[in-house]
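So the protein sequences, as listed, match chains A and B.
Per the working numbering: the first sequence = residues 1127 to 1460.
Per the working numbering: the second sequence = residues 75 to 403.
We treat Cβ as the ideally placed atom computed from N, Cα and C, and that holds for glycine.
Read through the structure below, which is laid out as structure tokens, and then see the notes.
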Amino acid sequence: MSAPFLHVEDLAVSFPTEDGVVKAVAGSTFSVSKGKTLAIVGESGSGKSVTAQAIMGLLNRNFADVSGRIVLDGTDLLALDDDQVREMRGSVMAMIFQDPLSSLHPFYRIGDQLAEAVRVHNKVSKSEARARAIDALHRVGIPSPDKRVDDYPHQLSGGMRQRVMIAMALINSPSLLIADEPTTALDVTVQAQITELMSELQRETGTTLIIITHDLGVVADMADEVCVMYGGRVVEYAPVNEVYYRPQHPYTHGLLASVPRLATDRVDRLDPIPGNPPSLINLPSGCVFHPRCSRRDEVSGDLCRTEEPALVSVATDHLVRCHLAQAGATGGAR
Amino acid sequence: MTAYIIRRVLIMLLLLLLLTLVVFVLFALLPADVARLTCGKVCTDQTIELNRARLGLDKSVWEQYWIFLSGLFFGRTYGVGEAAIVCSAPCLGYSFTKTEPVLQLILDRLPATIFLALGAFILFLIGGVALGVYSALRRGRWQDKTVMGISLVGYSLPSFFIGLVVIYFIIIRWQILPFPQYVQPWEDPIGFLQTMILPWLVLAILYAAFYTRLTRSQMLETLNEDYIRTARATGLPERVVVRKHALRAGLTPIVTAAGLDFAGLLGGAIILESIFSLPGLGSLAISAVLDPDLAILVGVTLITAVFIIVANLVVDVLYAVIDPRVRLA
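Shown next as structure tokens:
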């Protein structure tokens, strides 16, 4: 791998609450090369979104303890003060959110919101900012952008709104774009259009992309590398083909097995992972996945319950956090 | 937008008509004999009957209402011949205890009430919203707790208590200000300010407490909205996020409450006007109750109701200005 554009190391985020400390992310390590796409997958509460917000500096330091290193293009973001990170938000790095209706301000015209995003980082006139807003709407495929620019968010369809969000995120040509479940809130037919649009824009601009999703179809379409998270930890991290064809972690197996397949003739029952995601206040001991793991019997002794496995390399660029991998008993009888 | 406003105004006019009917009938049904009340000390059955005829009370309630309504537009005359009293349009009624048309009485009292309401309104709205935002941004810290504690006290104390305490200490005990003596601001600006500053502050404290709490809860809610996160993600400075994005989104209930409170104050802050001997609508209403003078009460009630209906209209229009989604409705 060339020098990574974004390198996250030992990222830990916890929120002290009245009920106890919520350990949302613990020891996340991954990196993305320039112009590549990393997909972060996992269930709700696995720490995907918190990781993204930590990178963007969107976590309020009064309420969240963030530690580790987030190095973007040579700069450690966690070492900067709030104002320096704010300067980078929207210019160097940008973010798209899950629900485009609630993510756009209902009281302002989309053109005004786009123009505001321009004028935060560029000293340009209002008319110039408006021209850029129209141009950005044009680029994300919104028809007659010179009219739509004066619409309010509620006047647009869900897909159009998400296009506006994408236009807003890309309007200052950021070199890193984080998309937090960008298609989850959309109609299935629109989902494909949005992922296609994002791929297309990424090809045009060379933006590095982190896409957070639990839609493995989106992952297969877009990602170069995949980072599987569980209980706030990276449990498997590998190029996309490795993850699909040689998954090493029992949880990754489980995720892939729970995807419905249209191509097969047999009508199989889906194979869900038993149990529920762990409580982030009271995490299981040892390996956080062991209470739900179907293969913990294969590990000798009580290791899964008593000792947390380390993230180890099982092949080139393929890291897994599992005692099975450590024991060398890799490969899966699927 | 224009169609929306026209529709609202038409509804308002209809409401006003309905209102005159309700208020008029309500007072006509009171078990008070106005003819006797306006008769004076030496009172014979004959004068009462004469009074009854002069006031039109010998007619049915509906006829009386019709006369009242036409009086609003064309004026009316009480009695006949030399003793006739002409009340020119718009006639809200005539006060026989004060021997003046009700409208004139109200107009005389209106400046004091309007100035009291306006001054207090500006103070409590700016103060309350500013403190609420401040409190929300420091949620859970000592500044927030202090502001909330003080506002709870302000919210709970009755106006007569704060009013009397303030008068006792500032005017009587420490003699910082002279005893309140209302003068019109165009006659004696300094005397006017000296009289108004205390009632303004007392009203402002009472009302600001509510607006502080309302603004705080609104801000805490909107600051958690997704579009606030979006605004932050575009790199907007926090003060712009707070003022332009969060505060505007939370403004709707504040505007509603403020409009109605302002209208209520225009109807007369009865207790405070009495305590500070301000010649406003509130003290007019009290003297009308004590006299008793039903004509004045009908007039004051109607005017107050008109203020509230107009305030509702203004609030509705402001809604549409603040929230573009309302314009569709």
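Item	Value
Residue of A:L1198, A:R1187 and A:S1140 minimising C-alpha distance to V1158 (chain A)	A:L1198
Residue-level contact to chain B via CB, P1130 (chain A), 8 Å cutoff	no
Cβ-Cβ separation, L346 (chain B) to V391 (chain B) (assumed contact under 8 Å), whole Å	About 29 Å; that fails the 8 Å criterion.
C-beta contact flag for H1379 (chain A) and C1413 (chain A) at 8 Å	no
Cutoff 8 Å: P327 (chain B) Cβ touching any chain A Cβ	no
Bridge partner(s) assigned by DSSP for D1191 (chain A)	A:S1140
Cβ-based burial, T1143 (chain A) [other Cβ within 10 Å; buried from 16]	exposed
Neighbour list for P232 (chain B) in chain A, Cβ cutoff strictly below 7 Å	Those do not exist, as P232 (chain B) stays about 36 Å from chain A at its closest Cβ, beyond 7 Å.
6 Å CB neighbourhood of L1445 (chain A) in its chain, flanking five on each side removed	Y1363, L1437 and S1439
Interfacial residues, the stretch 299–319 of chain B to chain A, with Cβ spacing under 9 Å	E299, D300, Y301, I302, R303, T304, A305, R306, A307, T308, G309, L310, P311, E312, V314, K318 and H319
Cβ neighbour criterion (16 or more within 10 Å) applied to H1231 (chain A)	buried
8 Å contact criterion, which A1165 (chain A) and V1361 (chain A) should meet: CB distance rounded	Contact flag wrong, Cβ pair sits at about 14 Å.
Assigned secondary structure, P164 (chain B) (DSSP; H/G/I helix, E/B strand, else coil)	coil
Among A:S1299, A:V1147, A:F1131 and A:E1135, the one whose alpha carbon lies nearest that of K1162 (chain A)	A:F1131
Where the alpha helix (DSSP H) through D1209 (chain A) begins and ends	D1208 to M1214
Where I349 (chain B) falls, given that 16 or more other Cβ within 10 Å makes a residue buried	buried
CA nearest to the CA of I1297 (chain A), picked from A:R1215, A:P1308 and A:D1225	A:R1215
Per-residue burial, R290 (chain B) [other beta carbons within 10 Å of its own, 16 or more giving buried]	buried
Contact under 8 Å by Cβ, P1300 (chain A) with T1333 (chain A)	yes
9 Å Cβ cut-off: residues of chain B touching V1246 (chain A)	T308, G309, L310, P311 and V314
Contact residues within the stretch 279–291 of chain B, judged by C-beta distance below 8 Å to chain A	none
Within-8 Å CB hit, R1460 (chain A) to chain B	At R1460 (chain A) the pLDDT is 37, less than 50, meaning the model places this residue with poor confidence and gives no usable figure here.
Paired residues, beta bridge with R1359 (chain A) - DSSP	A:Y1356
M75 (chain B) burial status per 10 Å Cβ neighbour count (16 or more: buried)	exposed
Supposed close pair S230 (chain B), T286 (chain B) - CB separation, criterion 8 Å	About 13 Å separates the two Cβ atoms, so there is no contact after all.
From A:S1140, A:R1387, A:N1367 and A:A1257, residue whose alpha carbon lies closest to that of N1408 (chain A)	A:S1140
Euclidean distance between Cα positions of A337 (chain B) and Q268 (chain B)	24 Å
Three-way DSSP call (helix, strand, coil) for M1127 (chain A) in this model	Model confidence at M1127 (chain A) stands at a pLDDT of 47, short of 50, so the residue's coordinates are unreliable and nothing is read from them.
heavy atom of the ligand NAP below 7 Å from T187 (chain B) C-beta	This structure lacks the ligand NAP, and indeed carries no ligand of any kind.
Bridge-paired residues (DSSP) for L175 (chain B)	The sequence shown places Pro at residue 175 (chain B), rather than the Leu named in the question. In the DSSP output, where bridge partners are listed per residue, P175 (chain B) has B:Y168.
Buried versus exposed call for V1147 (chain A) [16 or more other C-beta atoms within 10 Å across all chains shown]	exposed
Test: S1172 (chain A) CB closer than 8 Å to a CB of chain B	no
Below-8 Å beta-carbon distance, H1133 (chain A) vs any chain B residue	no
The stretch 1411–1426 of chain A / the stretch 1333–1351 of chain A touching (three or more Cβ pairs under 8 Å)	no
Interface flag, G1380 (chain A) vs chain B, CB-CB below 8 Å	no
Test: G1457 (chain A) CB closer than 8 Å to a CB of chain B	Confidence is the limiting factor: at G1457 (chain A) the pLDDT is only 46, short of 50, which leaves the residue's position unreliable and the question unanswerable from this model.
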